[in-house]
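Student: I have a structure I would like to understand better, so I am pasting it below and will then ask my questions one at a time.
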Amino acid sequence: MIVDPNWRLWLSWLAVLLVLSSLGWGGLARGLSFLLLLFVLTPALVTLGLRWWLRRQLVAASCPVCGFAFQGVLRTQTQCPRCGERLQVTPKGFVRLTPPGIVDVEAVEIPESQN
Ligand SMILES: [Zn+2]
99 MIVDPNWRLW LSWLAVLLVL SSLGWGGLAR GLSFLLLLFV LTPALVTLGL
149 RWWLRRQLVA ASCPVCGFAF QGVLRTQTQC PRCGERLQVT PKGFVRLTPP
199 GIVDVEAVEI PESQN
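So the number in this note's numbering is just where the residue sits in the sequence shown, counting from 1, plus 98.
Written out as structure tokens, the structure is:
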């Protein structure tokens, strides 16, 4: 369970609302409680929506080349952090961009020594 560290603030708000409603200022109390709900509910709903969207977009799988397990964003291209293989992220996992049997090699030119 997550305990809000600002619980004293929320208790003070609640006390203010109770006092206002007991004084007969029900309209003001309703307005303040509406604002309070707006400020509490909006970030909570945005956070929940973002988590739901991220859970749908993230794919956890292992690299088809080296077997390293990591996560990627759905329908994007990524690179394996261990072997550097370029991969396409699909709903079923990672797929190599280069066809099987082909070794993707990066050539590095080594300058002649000046000895
Ligand atoms: Zn890999």
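We treat Cβ as the ideally placed atom computed from N, Cα and C, and that holds for glycine.
#1: Cα separation between Phe168 and Ala142?
#2: What does the alpha-carbon distance come out to for the pair Leu139 and Arg149?
#3: Smallest Cα separation from Cys178: which of Pro162, Leu135, Ser120?
#4: Could you tell me if Gly170 is buried or exposed, where buried requires 16 or more neighbouring beta carbons within 10 angstroms of its beta carbon?
#5: Shorter than 7 Å, the distance from the beta carbon of Val157 to the closest heavy atom of ligand 1, or not?
#6: Use the C-beta contact count for Leu116: other C-beta atoms within 10 angstroms, 16 or more gives buried, fewer gives exposed.
Tutor: This is what the structure holds:
#1: Roughly 28 Å separates the two Cα atoms.
#2: Each residue's alpha carbon lies about 15 Å from the other.
#3: Checked all of Pro162, Leu135, Ser120; the closest Cα to Cys178 is Pro162.
#4: Gly170 should be labelled buried.
#5: Not so, every heavy atom of ligand 1 lies at least 7 Å from the Cβ.
#6: The residue in question, Leu116, is exposed, as its Cβ has fewer than 16 Cβ neighbours within 10 Å.
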